[in-house]
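S.K.: Counting in my numbering, the sequence shown runs from 7 upward without gaps. Note that CB positions come from ideal geometry on N, CA and C, so glycine has one too.
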Amino acid sequence: MLAEKPLHEDTLRVIEIVESVAQDWKEVEHAARLLAEEETLAAPNRFTEEALVFAINQQMSLLTAEALRVWASSVQASGNKKVGVLNPGNIPLAGLQDFLGVLLSGHQYIGAVSSRSPVLLPLFSIALEKAGLNHEVSFTDFDDLVSRVDAIIASGTDATMNTVRKRALDAGIDEHKLLLRSHRYSIAVLDGRESEEDIERLAEDILLHEGQGCRSVGLVWAPKETQPDRLLEAMATYRATFPAHPESKGALEMQRAFLAAVDQPHAFSEGLEFLFSKGEPEIQTPLHIRWTEYDHLDRVAEWIQSHHEEIQLIVSRETMLEDLTVGTMAVSPGFAQRPELGWCQDGKDLGAFLQSI
């Protein structure tokens, strides 16, 4: 095991402040957190109160001094550049890793937030400043950001990333100073021997955050003749605790009508809080889950290999993962929506990027 790099005193101070603020934000009645939740839920997004609380709790639980020190040793850089971060708004706190990575690296953070989540990250930043953080952190719009920075980190749709790349290159930012993450999705591979707990956890992997994130499972591979009844029941049960956003039903109505019109096997919850269809391995829109049968794992492995640049995660039992040797990031059921602090989105190492610029 490689020894951790010694950390700068300034980095250690940042870690101390981040851990302190995270401890405060773990408290569900903490004033700054309550304000962030209230204003975030008022924005034009599909966040639900339950999912937002889950995301904040999960992210804050990662920010311990020990975990931050370990991660900081892999992101700490020798230079001091202005790093612009274009934050997605599909998942609460989706940009937290990039934000903290830039701070711990020693670079200057300049962020642009989505209208779907305009306050959550800025309010967390303000809390750090009040706790003593003296790093330069600012939030602005993308037009201003691209004219001020030395490097850019961005996540979003393929079209958005193409636009970001063109604008950055036009502004004189070199290609190697761009870390762009485009659209991806996650899948699950079952073998029919999953426990009830596995299936319950998979329901969370599918439904949490309304299927909006790259870590959300949208396609389930299952052995031929395996019935999806257990998963459908688990998803319905999950919705009792984590209700769907009010707009989810309307988004699925047309797809349900189409499946009925073409006589394609499908199922849905009573309130149309999710839609489930059997067919070829094709990713549908969020909350429309595709169930695809396989005769042999070789077919699954071949499909994964041919689509690996589109796949963020594979969710499967650990014993199954040994048979799917395709080099794609994999997790056990229940961990798709619980990213680790230093996980590599799109297989791209944030620390290596921050050190290279």
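1) For residue 78 versus residue 41, is the C-beta distance shorter than 8 Å?
2) Residue 278 and residue 303 look like a contact to me (Cβ under 8 Å); what is the Cβ gap, rounded to whole Å?
3) Considering only residues of the same chain and omitting the five flanking positions on each side of residue 240, which have a CB-CB separation below 6 Å?
4) Does the contact criterion of 3 or more C-beta pairs under 8 Å hold for the stretch 242-255 versus the stretch 315-327?
5) Can you round the beta-carbon distance between residue 121 and residue 12 to whole angstroms, since I take them to be within the 8 Å contact cut?
6) Could you compute how far the alpha carbon of residue 104 sits from the alpha carbon of residue 340?
7) Going along the chain, which unbroken runs of the beta strand (DSSP E) with 3 or more residues stay wholly within the stretch 188-241?
8) Compute the Euclidean distance between the alpha carbons of residue 193 and residue 298, then round it to the nearest angstrom.
9) Are the beta-carbon atoms of residue 261 and residue 291 separated by less than 8 Å?
10) Three or more C-beta pairs under 8 Å: does that hold for the stretch 182-201 against the stretch 266-274?
11) How big is the Cα-Cα spacing for residue 165 and residue 60?
12) Assuming residue 89 is part of the beta strand (DSSP E), what are its boundary residues?
13) In three-state terms, what does DSSP make of residue 137?
14) Tell me which residues share the same chain as residue 288 and place their Cβ nearer than 7 Å to its Cβ, disregarding the 5 neighbours each side in the sequence.
15) Work out the CA separation of residue 129 and residue 148 for me, nearest whole Å.
16) Is it buried or exposed for residue 8, if we count other Cβ within 10 angstroms and need 16 for buried?
17) Between which two residues does the alpha helix (DSSP H) harbouring residue 108 extend?
18) Using the C-alpha atoms, what's the distance from residue 221 back to residue 250?
19) Is the CB-CB distance between residue 354 and residue 190 below 8 Å?
20) So, for residue 306: in the same chain, excluding its five sequence neighbours on each side, which residues have a beta-carbon less than 8 Å away from its beta-carbon?
21) DSSP three-state call for residue 351: helix, strand or coil?
22) Sort 156, 139 and 54 by Cα distance to residue 91 and report the nearest one.
23) Let me know the secondary structure DSSP gives residue 13 once reduced to three states.
24) Taking 6 Å as the limit between beta carbons, can you name the residues of its chain near residue 294, skipping five residues before and five after?
25) What's the C-alpha gap between residue 345 and residue 177?
26) At which residues does the alpha helix (DSSP H) containing residue 60 begin and terminate?
27) Label residue 34 either buried or exposed according to how many other C-beta atoms from any shown protein chain fall within 10 Å of its C-beta, with 16 as the threshold for buried.
28) Should residue 287 be listed as close to the ligand ADP, given that the test is whether its C-beta is under 7 Å from any heavy atom?
29) Take residue 351 and list the residues in its own chain whose beta-carbon comes closer than 6 Å to its own, dropping the five residues that flank it on each side.
30) Could you check whether the Cβ of residue 139 sits closer than 8 Å to any Cβ belonging to chain D?
31) Answer yes or no: do residue 143 and residue 107 have a C-beta to C-beta separation smaller than 8 Å?
32) Please name the residue, chosen from 284, 266 and 265, that lies closest to residue 238 on a Cα-to-Cα basis.
M.R.: Answer, in terms of the structure:
1) no
2) No, residue 278 and residue 303 are not in contact; Cβ-Cβ is about 33 Å, not under 8 Å.
3) 205, 206 and 209
4) no
5) At roughly 41 Å, the Cβ-Cβ gap does not stay under 8 Å, so residue 121 and residue 12 are not in contact.
6) 23 Å
7) 191-195 and 223-229
8) 11 Å
9) yes
10) no
11) 30 Å
12) 88-92
13) coil
14) 296
15) 19 Å
16) Per-residue confidence for residue 8 stands at a pLDDT of 42, beneath the threshold of 50, marking its modelled position as unreliable; no derived number is given.
17) 102-111
18) 18 Å
19) no
20) 195, 227, 300 and 330
21) helix
22) 156
23) coil
24) 261 and 281
25) 33 Å
26) 55-68
27) exposed
28) Absent from the structure shown: the ligand ADP. Ligands present: none.
29) 187
30) Given the protein chain composition of this structure (a single chain), no chain D is represented.
31) no
32) 284
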